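In this note's numbering, the protein residues as written are 412 to 546. Reviewing the structure listed below.
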């Protein structure tokens, strides 16, 4: 399970409702002081994953957080790296971010490699101990 919550294990139609509810909540809870923008990622017209960028108190902290997931069939082709680079270009080049943070489960070597390949550096572990944090 590559997620902190096993949401992909829910049966249909519960899975679909929870999926929609989660992403609708991002839109419903959007505020200048706390926001999260989710991009759908499509490859050859097929849904491949999502890429998030968000912040709390961005006007003061100039820090964004990124997160993503990519379907198994799309992994290992450089798509994850392109996804992350795209939101980082938005953050630094257009929004004026100074810091970007991310995280990856310790056992998810591919995700950690994407972060490190584009310049993130390990900066600690989540308080739960199960995730490597990057900045």
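For each residue, glycine too, the CB sits at the ideal point set by N, CA and C. Treat the numbers as computed from the prediction; the structure is a model and nothing was measured.
For residue i, the three-state DSSP class (helix, strand or coil)
i	result
residue 493	helix
residue 511	strand
residue 466	strand
residue 520	helix
Burial state of residue i (16 or more Cβ within 10 Å)
i	result
residue 526	buried
residue 463	buried
residue 523	buried
residue 485	buried
residue 536	exposed
residue 419	exposed
Residues near residue i by beta carbon distance below 8 Å, same chain, minus five either side
i	result
residue 490	452, 454, 459, 460 and 481
residue 507	473
residue 511	474, 475, 476, 477, 499, 502, 503, 531 and 546
Endpoints, the beta strand (DSSP E) within which residue i is located
i	result
residue 480	474-481
residue 542	542-545
residue 449	445-454
Same chain only: Cβ atoms within 6 Å of residue i, ignoring 5 sequence neighbours per side
i	result
residue 514	542 and 544
residue 494	452, 462 and 479
residue 448	464
In DSSP terms, what residue i is bridged to
i	result
residue 535	544
residue 498	Residue 498 pairs with nothing; no bridge assigned.
residue 442	445
residue 461	451 and 480
N- and C-terminal bounds of the alpha helix (DSSP H) containing residue i
i	result
residue 439	425-439
Chain-order list of residues whose beta-carbon lies under 7 Å from that of residue i (same chain, five-residue window excluded)
i	result
residue 444	467 and 468
residue 521	486
residue 436	none
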